[in-house]
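Below: one structure, written as structure tokens.
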Amino acid sequence: MATGLAQAENSVTQAVTVALDLSSLVLQSGGSTVMADTTLRNVLKGYGEAGISTVFRQDFIAASSVTNGQAWTVLRRLGPAGLHLIRASEAATLSERLAKGEVDTVEFASQFARIKQLASPFNPWITTLAAACAAAAFSRSTGGDWGGMGVVLAAAAAGQFLRSLLQKRAFSRWAITFICALISGFIAVGGLRLGLSRVAGATLIASVIYMVPGIPLINGFIDIASGKHLFVGVQRLFDASVVFFIMTVAAAIANSALQRT
Amino acid sequence: MDLTAILVNSLWSAVFATGMAVVFSTPSWALVPSFCCGFIARLVRDLLMGWGASQNLATFLAAALVLFIAASFVRRPGVSPIVMLAGIIPLGAAGALFRAIVGFLEVSSLKGEGLSAPVALISNLSILFTTTCAIAVGAWTGYFIGQSVRRDQLV
Numbered sequence: 003m004a005t006g007l008a009q010a011e012n013s014v015t016q017a018v019t020v021a022l023d024l025s026s027l028v029l030q031s032g033g034s035t036v037m038a039d040t041t042l043r044n045v046l047k048g049y050g051e052a053g054i055s056t057v058f059r060q061d062f063i064a065a066s067s068v069t070n071g072q073a074w075t076v077l078r079r080l081g082p083a084g085l086h087l088i089r090a091s092e093a094a095t096l097s098e099r100l101a102k103g104e105v106d107t108v109e110f111a112s113q114f115a116r117i118k119q120l121a122s123p124f125n126p127w128i129t130t131l132a133a134a135c136a137a138a139a140f141s142r143s144t145g146g147d148w149g150g151m152g153v154v155l156a157a158a159a160a161g162q163f164l165r166s167l168l169q170k171r172a173f174s175r176w177a178i179t180f181i182c183a184l185i186s187g188f189i190a191v192g193g194l195r196l197g198l199s200r201v202a203g204a205t206l207i208a209s210v211i212y213m214v215p216g217i218p219l220i221n222g223f224i225d226i227a228s229g230k231h232l233f234v235g236v237q238r239l240f241d242a243s244v245v246f247f248i249m250t251v252a253a254a255i256a257n258s259a260l261q262r263t
Numbered sequence: 501m502d503l504t505a506i507l508v509n510s511l512w513s514a515v516f517a518t519g520m521a522v523v524f525s526t527p528s529w530a531l532v533p534s535f536c537c538g539f540i541a542r543l544v545r546d547l548l549m550g551w552g553a554s555q556n557l558a559t560f561l562a563a564a565l566v567l568f569i570a571a572s573f574v575r576r577p578g579v580s581p582i583v584m585l586a587g588i589i590p591l592g593a594a595g596a597l598f599r600a601i602v603g604f605l606e607v608s609s610l611k612g613e614g615l616s617a618p619v620a621l622i623s624n625l626s627i628l629f630t631t632t633c634a635i636a637v638g639a640w641t642g643y644f645i646g647q648s649v650r651r652d653q654l655v
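First to last, the sequence lines map onto chains A and B.
The end of the first sequence is residue 263 by my numbering, with every number in the run present.
The end of the second sequence is residue 655 by my numbering, with every number in the run present.
Structure follows, in structure tokens:
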């Protein structure tokens, strides 16, 4: 009897642990809280567990329930959020397949391990080039000229390259944003001072656009609109606003520093 | 309404969306759909605004259309429509963002005159807020409609 109860406890604990792991992977890869919550529910459904209460915050996820008359809570700390849409997509889809019974728990575990190890499909050089092209295209779409486009291309490429180096060295996200925005801003303002472009606004803003927290902002509003994740949605909006503010301050510093020279 | 300018801007927006898709680690096969979604998103929004729709309504409809397309047609087995999220990035309040940053720079250097700058800054931040809200609600709506059409499970 005691062994049976212990097995039941182990089963619930394993299901909740795996569900929290997969759900946190979705959140840390750029998924909304709504998506992470559905992923968690799908995994629990796949393991045949119900009656688990969850709380999502920006820095942790908690799951709690009562087993054999004892209340328990499992917490999963969340690291810094990144953007890895393949990983978020595959994690969410894997949970769906588990809930539908298309994979068993053994295959689920191996697939989960594979998803955790997924690398970006693009090497850092391609990502740097893409960020530079995106920023340059943005400058044109907001009224920038061809000279400004070239300046933005160089500024964003340098910023994104530095960003990837700093990310590897585990610098804080806010420090990375500030340093990269400052470097990109200096290059953009330098190009403007050399007369390479006459459209100052579009050139300066486009040079840092590759770091704009667009997806966190959208996710924040999705969380709020869901009605279930109001607090974490507000946290995400505040966090995105801070990143936006840091970028603005860095661009302003670059602008004013070069104006004085 | 200058159709040529709208098409050119839509093309640049599509390049912007594709570049950001790479930065977001979108799968390689989703880059062309991201390009198309970025183009359609900006084109639809600009056309609707050209026909007199408000910016928020136009953004909402464009985001809903793009996510509807992504959820209905682009979905493959083992892929969530989240990989198409870069397609709606060009709908972001780029203009308001631009003006807000410029406004921020102006406010920091005010010397008694130009008291309208803080008002403009607040105005642009509010546009940024409402536009992003319109994108999120539009994307969610389009996704729900797309999933309903497919009668598939929501993620």
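Here a beta-carbon is modelled for each residue, glycine too, at the ideal position from N, C-alpha and C.
Can you pull the chain A neighbours of residue i, defined as C-beta to C-beta under 9 Å?
| i | result |
| --- | --- |
| Phe539 of chain B | Within chain A, no residue comes near Phe539 of chain B; the closest Cβ sits about 11 Å away, beyond 9 Å. |
| Ile569 of chain B | Correct list: empty, because the minimum Cβ distance to chain A is about 17 Å. |
| Gly592 of chain B | Val214, Gly216, Leu219 and Ile220 |
When you compare only the Cα positions, how much space is there between residue i and residue j?
| i | j | result |
| --- | --- | --- |
| Phe140 of chain A | Tyr212 of chain A | 9 Å |
| Phe58 of chain A | Ile506 of chain B | 42 Å |
| Tyr643 of chain B | Ile224 of chain A | 12 Å |
| Gly552 of chain B | Trp512 of chain B | 23 Å |
| Trp74 of chain A | Ala65 of chain A | 8 Å |
| Gln30 of chain A | Gly222 of chain A | 14 Å |
| Gln653 of chain B | Leu96 of chain A | Reliability of the predicted coordinates at Gln653 of chain B is poor, the pLDDT of 44 falling under 50, and no value is obtained from them. |
| Ser166 of chain A | Met151 of chain A | 22 Å |
| Gly145 of chain A | Val201 of chain A | 8 Å |
| Ile185 of chain A | Gly81 of chain A | 26 Å |
| Val45 of chain A | Leu503 of chain B | 49 Å |
| Thr526 of chain B | Ala208 of chain A | 22 Å |
| Ser258 of chain A | Leu100 of chain A | 56 Å |
| Ala156 of chain A | Val522 of chain B | 18 Å |
| Asn70 of chain A | Ile54 of chain A | 14 Å |
| Gln72 of chain A | Thr35 of chain A | 28 Å |
| Trp148 of chain A | Asn509 of chain B | 14 Å |
| Gln169 of chain A | Gln162 of chain A | 10 Å |
| Phe233 of chain A | Asp241 of chain A | 12 Å |
| Ala137 of chain A | Asp61 of chain A | 31 Å |
| Ser13 of chain A | Val245 of chain A | 41 Å |
| Gly216 of chain A | Arg78 of chain A | 26 Å |
| His86 of chain A | Gly193 of chain A | 32 Å |
| Ser112 of chain A | Ser199 of chain A | 53 Å |
| Ile255 of chain A | Ala17 of chain A | 50 Å |
| Ala94 of chain A | Leu120 of chain A | 14 Å |
Check the Cβ of residue i against every Cβ in chain B and list those closer than 7 Å, keeping chain order.
| i | result |
| --- | --- |
| Tyr212 of chain A | Val523 |
| Leu219 of chain A | Thr632 |
| Pro82 of chain A | Ordered by position in chain B, no residue passes the 7 Å Cβ test against Pro82 of chain A, which lies about 15 Å from the chain. |
| Ala139 of chain A | Trp512, Val515, Phe516 and Gly519 |
| Ser143 of chain A | Asn509, Trp512, Ser513 and Phe516 |
| Ser122 of chain A | Ser525 |
Give me the Cβ distance between residue i and residue j, rounded to the nearest whole Å; I'm assuming they're in contact under 8 Å.
| i | j | result |
| --- | --- | --- |
| Ile220 of chain A | Thr518 of chain B | No, Ile220 of chain A and Thr518 of chain B are not in contact; Cβ-Cβ is about 18 Å, not under 8 Å. |
| Ser2 of chain A | Thr41 of chain A | Absent from the structure is residue 2 of chain A, since the part of chain A shown begins at 3 and ends at 263. |
| Thr19 of chain A | Val105 of chain A | Wrong, their Cβ atoms sit about 18 Å apart, outside the cutoff. |
| Arg545 of chain B | Ala558 of chain B | 5 Å |
| Leu565 of chain B | Ile582 of chain B | The pair is not a contact, with the Cβ atoms about 17 Å apart (cut-off 8 Å). |
Looking at the unbroken beta strand (DSSP E) that takes in residue i, where does it start and where does it end?
| i | result |
| --- | --- |
| Ile63 of chain A | Phe62 to Thr69 |
Check whether chain E comes within 8 Å of residue i, counting only Cβ atoms and requiring the distance to be less than that.
| i | result |
| --- | --- |
| Gly161 of chain A | The displayed structure is made up of protein chains A and B, and chain E is not among them. |
Starting from residue i, trace the alpha helix (DSSP H) both ways and give me its first and last residue.
| i | result |
| --- | --- |
| Gln1 of chain A | Within the shown structure, residues of chain A are numbered from 3 to 263, placing residue 1 of chain A beyond reach of any answer. |
| Ser273 of chain A | Because chain A is modelled from 3 through 263, residue 273 of chain A falls outside the range shown and cannot be assessed. |
| Ile220 of chain A | Gly216 to Ser228 |
| Trp529 of chain B | Element bounds for Trp529 of chain B: n/a, residue is neither H nor E. |
| Ile88 of chain A | Leu87 to Lys102 |
| Gln555 of chain B | Gln555 to Ile569 |
| Ala133 of chain A | Pro126 to Ser143 |
| Trp148 of chain A | Trp148 to Lys170 |
| Glu109 of chain A | Thr107 to Lys118 |
| Ser31 of chain A | Ser31 of chain A -> no alpha helix (DSSP H), and no H or E assigned at all. |
| Gly193 of chain A | Arg175 to Arg195 |
Using the beta-carbon of each residue, which ones in chain A are nearer than 7 Å to residue i?
| i | result |
| --- | --- |
| Met520 of chain B | Ala136 |
| Ile589 of chain B | Gly216 |
| Val544 of chain B | Result: empty, since nearest Cβ-Cβ is about 15 Å, beyond 7 Å. |
| Trp640 of chain B | Ile224 and Ala227 |
Quick one: list the residues of chain B neighbouring residue i, beta-carbon separation under 8 Å, in chain order.
| i | result |
| --- | --- |
| Leu85 of chain A | Val523, Phe524 and Ser525 |
| Phe223 of chain A | Thr632, Cys633, Ile635, Ala636 and Val637 |
| Ile88 of chain A | Ser525, Thr526, Pro527 and Val583 |
| Ile128 of chain A | Val522 |
| Gly280 of chain A | Summary: the structure shown does not reach residue 280 of chain A, with chain A confined to residues 3 through 263, and so no result is reported for it. |
What residues of chain B sit near residue i, judged by a beta carbon separation below 9 Å?
| i | result |
| --- | --- |
| Ser166 of chain A | Residues of chain B passing the Cβ test: none, with the nearest at roughly 10 Å. |
| Ala132 of chain A | Thr518, Gly519, Met520, Ala521, Val522 and Val523 |
| Gly53 of chain A | Chain B residues near Gly53 of chain A: none, gap ~21 Å exceeds 9 Å. |
| Phe180 of chain A | Residues of chain B passing the Cβ test: none, with the nearest at roughly 15 Å. |
Would you say the beta carbon of residue i comes nearer than 7 Å to a heavy atom of the ligand NAP?
| i | result |
| --- | --- |
| Thr250 of chain A | Of the ligands one can find in the structure shown there are none, so the ligand NAP has no counterpart to examine. |
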